[in-house]
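Worksheet: the structure to be examined is printed underneath.
There are 2 protein chains.
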Amino acid sequence: MKKLINSPENLVVEALHGMEAAHGDLVKAHFEPNYLVRADGPVKNKVALLSGGGSGHEPMHGGFVGKGMLDAACPGAVFTSPTPDQMYEAGKAANGGKGVLLIVKNYTGDVMNFELASDLLKADGIDVESVIIDDDVAVKDSTWTAGRRGVGTTVIAEKICGGAAEDGLSLKDVANLCRKVNAQGRSMGLALTSCTVPHVGKPTFELPEGEIEMGVGIHGEPGRTRMKLKSADELTAMLMEPIISDIPYKSGDEVLLFVNGLGGTPLLELYVIYRKAAEIAQAHGLKVVRNLVGSYITSLEMAGTSITMLKLDHDMKKYWDAPVKTPALRWGL
Amino acid sequence: MKKLINSPENLVVEALHGMEAAHGDLVKAHFEPNYLVRADGPVKNKVALLSGGGSGHEPMHGGFVGKGMLDAACPGAVFTSPTPDQMYEAGKAANGGKGVLLIVKNYTGDVMNFELASDLLKADGIDVESVIIDDDVAVKDSTWTAGRRGVGTTVIAEKICGGAAEDGLSLKDVANLCRKVNAQGRSMGLALTSCTVPHVGKPTFELPEGEIEMGVGIHGEPGRTRMKLKSADELTAMLMEPIISDIPYKSGDEVLLFVNGLGGTPLLELYVIYRKAAEIAQAHGLKVVRNLVGSYITSLEMAGTSITMLKLDHDMKKYWDAPVKTPALRWGL
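Same order as they appear, the protein sequences are chains A and B. Sequential numbering of the first sequence, starting at 11, is according to my numbering. Sequential numbering of the second sequence, starting at 11, is according to my numbering.
Below, the structure written as structure tokens:
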């Protein structure tokens, strides 16, 4: 294992220090328990958005804290759910009096811990809504998950709901918008290589030369099948087909197309995939009117990609376009 | 070799199609010869900025085409200089009547080809200035280079000079600012792994488990020494020491600190490095007032990092902060 770290134990805390050192105008780090909050928060009379999950998926979630997106993020150890006390303290710190929306990826540990945190926040008299993201069409149940896993739609949901919260929507309305984004978003990914969790010290799984994992999860969970590497166009079609056959759409609908890198895949390759994915969407009568290309929800240094497609409506487009200023996503500010 | 491509031959052209498909509001792709230009260009009465180099370093340079940064970029084959006719056609297409600045990284092929392109453009009556970036303190001469190599300062120079060109500065003044940025910028990198050029099909070099290349070039050129992997803090100090001892500065000076990923290194690790690099800069009396953290000048999927430090002056700060809207760097717009 070769990594630019000091020790597996200190990795997350040191990275949080680094984020605060680099982006102190945007985020503030708290330790024991660990979380990031907006430097200018809590924002009075705005619904607060809180997300979190295991570390190793950066820039998600910490890189999305700032105006127009998250109010707080809780990083667990690498690929390990944060604890309820992290979520509880972050929720209290982020709350500006209009309640807290918890955006939770569908993994058993995360769901359970966010549920406990929700109870703790409610016991303090804070309004809380929770939305579980379960957009991964690859598999029904998986390691650490009952039902579909939560992946790329999380990034999109955090942006759109962040815009809605800035616009003054109520907790119930932001939560309903988030549920609608989840209902209209679908994702699937594939891996060319594994990744190594620092405190484990060896690759999560083995992929022989010439083979890929189709439908891989963001922690290296098994997907649909182990298969031979094919051309980028063939693989893109294999990711798009299950997404398109599952997403509720009709010809002429507008979509956001998000081609994501899992960490170790060059941007050059992501654009080759985007080109084909957009072509396939168009061939189905979909209008790709918004997009995102880059490594935003990663699995450490894993080589691979995931595609997320979201069927858009008027509000989703408006809040996607709304200004955002976070370490990892920024426009209009 | 496992890559998400269709064929090594079509990789660059397909990626250009993908960039145009994703960012058609910002960039327009031309083929035979291949280059990207601003979708709203040529911009009348603004100095045009043109850069380019081998592909495989994305988002540099194509990802930096847009308002406030480059007017055009020429991608060569992977790790191969673009040709003079690409540069010539791109320069003509980008010129808005106020001349063209060529920003050239110091590699023998690039320098020679940009020189030829400069002659061709001048023969057409276009004003041209060239600035060679040679900021890499790792080695004096190297594979493909006489003198120092051009690396991370290129990204910073493109942003700062882009801001200056938008502000209406003359060709001579933008070129002089670019020379000053180069004179005040220093970089050094290290690799944990090699990378594989698609049309070669095997890794550029071999790095055994537990070893790193200190001072590596962005094409995998040898650096200062092959050595055992150390802690992130020790390695960061080894990158910062040659930068700080070479850069002209005095205590109290303001700097921009850029921690760059070479492609396969997770953002989590880059923040660990940023934290230590900022601490070292501060210990030398430097004030880190601007920064950039992420993978902006890469070597395909190489794991590793480079650090760039630029001593700032008033104009550099102003033009760094100026609005920019490109596929890879965006703020204020």
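Cβ atoms here follow ideal geometry from the backbone N, Cα and C, with glycine treated the same way.
Within-8 angstroms CB hit, residue i to chain B
{"i": "A/N16", "result": "yes"}
{"i": "A/E176", "result": "no"}
{"i": "A/R340", "result": "yes"}
{"i": "A/G274", "result": "yes"}
{"i": "A/H71", "result": "no"}
{"i": "A/I307", "result": "no"}
{"i": "A/S316", "result": "no"}
{"i": "A/A49", "result": "no"}
{"i": "A/M29", "result": "yes"}
{"i": "A/P24", "result": "For the sequence presented, residue 24 of chain A should be read as Glu rather than Pro. For A/E24, the answer is yes, since a Cβ of chain B falls inside 8 angstroms of its Cβ."}
{"i": "A/M320", "result": "Here residue 320 of chain A turns out to be Leu, not Met, going by the sequence shown. No - not a single Cβ of chain B is within 8 angstroms of the one on A/L320."}
{"i": "A/Y329", "result": "no"}
{"i": "A/L239", "result": "yes"}
From the options, residue whose alpha carbon lies closest to that of residue i
{"i": "B/F74", "options": "B/L272, B/M29, B/V207", "result": "B/M29"}
{"i": "A/E264", "options": "A/L245, A/R234, A/D323", "result": "A/D323"}
{"i": "B/T203", "options": "B/A167, B/T308, B/S152", "result": "B/T308"}
{"i": "A/S152", "options": "A/I166, A/L131, A/T235", "result": "A/T235"}
{"i": "B/P18", "options": "B/K212, B/K77, B/K260", "result": "B/K212"}
{"i": "B/V210", "options": "B/V138, B/A87, B/A32", "result": "B/A87"}
{"i": "A/L179", "options": "A/D331, A/P333, A/D325, A/V141", "result": "A/D325"}
{"i": "B/T246", "options": "B/R285, B/Y259, B/G230, B/G227", "result": "B/R285"}
{"i": "A/K328", "options": "A/S241, A/D177, A/A242", "result": "A/D177"}
{"i": "B/G273", "options": "B/K182, B/E68, B/G220, B/A242", "result": "B/E68"}
{"i": "B/W154", "options": "B/I170, B/I228, B/A167", "result": "B/I228"}
{"i": "B/I15", "options": "B/H40, B/I170, B/G66", "result": "B/G66"}
{"i": "A/G34", "options": "A/L343, A/V23, A/D50, A/E42", "result": "A/D50"}
{"i": "B/A201", "options": "B/L343, B/P218, B/R159, B/I136", "result": "B/P218"}
{"i": "A/R159", "options": "A/P208, A/G233, A/G135", "result": "A/G233"}
{"i": "B/G101", "options": "B/E221, B/L131, B/A193, B/G72", "result": "B/L131"}
{"i": "B/P258", "options": "B/F89, B/E244, B/L320, B/S128", "result": "B/L320"}
{"i": "B/G157", "options": "B/S128, B/I136, B/T118", "result": "B/T118"}
Any C-beta of chain A under 8 angstroms from that of residue i
{"i": "B/A288", "result": "yes"}
{"i": "B/S65", "result": "yes"}
{"i": "B/K13", "result": "yes"}
{"i": "B/V303", "result": "yes"}
{"i": "B/M204", "result": "Per the sequence shown, residue 204 of chain B should be read as Ser rather than Met. False, the Cβ-Cβ gap to chain A never drops below 8 angstroms."}
{"i": "B/I113", "result": "no"}
{"i": "B/D325", "result": "no"}
{"i": "B/Y281", "result": "yes"}
{"i": "B/R285", "result": "yes"}
{"i": "B/E42", "result": "no"}
{"i": "B/A58", "result": "no"}
{"i": "B/A32", "result": "yes"}
{"i": "B/A313", "result": "yes"}
{"i": "B/L21", "result": "yes"}
Cβ-Cβ distance between residue i and residue j below 8 angstroms
{"i": "B/K13", "j": "B/K56", "result": "no"}
{"i": "B/G199", "j": "B/V161", "result": "yes"}
{"i": "A/M79", "j": "A/L339", "result": "yes"}
{"i": "A/M237", "j": "A/M224", "result": "yes"}
{"i": "A/R196", "j": "A/D144", "result": "no"}
{"i": "A/L46", "j": "A/T336", "result": "no"}
{"i": "B/T206", "j": "B/M11", "result": "yes"}
{"i": "A/N44", "j": "A/C84", "result": "yes"}
{"i": "A/L126", "j": "A/P92", "result": "no"}
{"i": "A/V121", "j": "A/A185", "result": "no"}
{"i": "A/A288", "j": "A/L267", "result": "yes"}
{"i": "B/V138", "j": "B/T163", "result": "no"}
{"i": "A/L343", "j": "A/K77", "result": "yes"}
{"i": "A/K182", "j": "A/V334", "result": "no"}
{"i": "B/T90", "j": "B/G72", "result": "no"}
Any non-hydrogen atom of the ligand PLP within 7 angstroms of residue i CB
{"i": "B/D331", "result": "In the structure on display, the ligand PLP does not appear, and there are no ligands present to speak of."}
Extract the residue ranges of the beta strand (DSSP E) inside the segment 145-207 of chain A, only unbroken runs of 3 or more that lie entirely within it.
For the segment 145-207 of chain A, whole beta strand (DSSP E) runs of length 3 or above, ordered along the chain, are 195-201.
Do the segment 271-279 of chain B and the segment 313-323 of chain B meet, that is, are 3 or more Cβ pairs less than 8 angstroms apart?
Yes, the segment 271-279 of chain B touches the segment 313-323 of chain B.
Could I get the ranges of all uninterrupted alpha helix (DSSP H) runs contained in the segment 250-330 of chain B, with 4 residues as the minimum, in chain order?
The qualifying runs are 277-293.
Would you call the segment 109-116 of chain A and the segment 50-70 of chain A in contact, with 3 or more CB pairs under 8 angstroms?
The answer is yes - the segment 50-70 of chain A touches the segment 109-116 of chain A, with three or more Cβ pairs under 8 angstroms.
Where in the segment 86-131 of chain B do unbroken runs of the beta strand (DSSP E), each at least 3 residues long, occur, reported from the N-terminal end onward?
Every beta strand (DSSP E) stretch that sits fully inside the segment 86-131 of chain B and reaches 3 residues is listed by chain position as 110-115.
Between the segment 28-42 of chain A and the segment 288-305 of chain B, do three or more beta carbon pairs fall short of 8 angstroms?
Of all C-beta pairs linking the segment 28-42 of chain A to the segment 288-305 of chain B, three or more are shorter than 8 angstroms, placing the two stretches in contact.
Should the segment 95-106 of chain A be regarded as contacting the segment 141-155 of chain A, the criterion being three or more beta carbon pairs within less than 8 angstroms?
Segments in contact, no.
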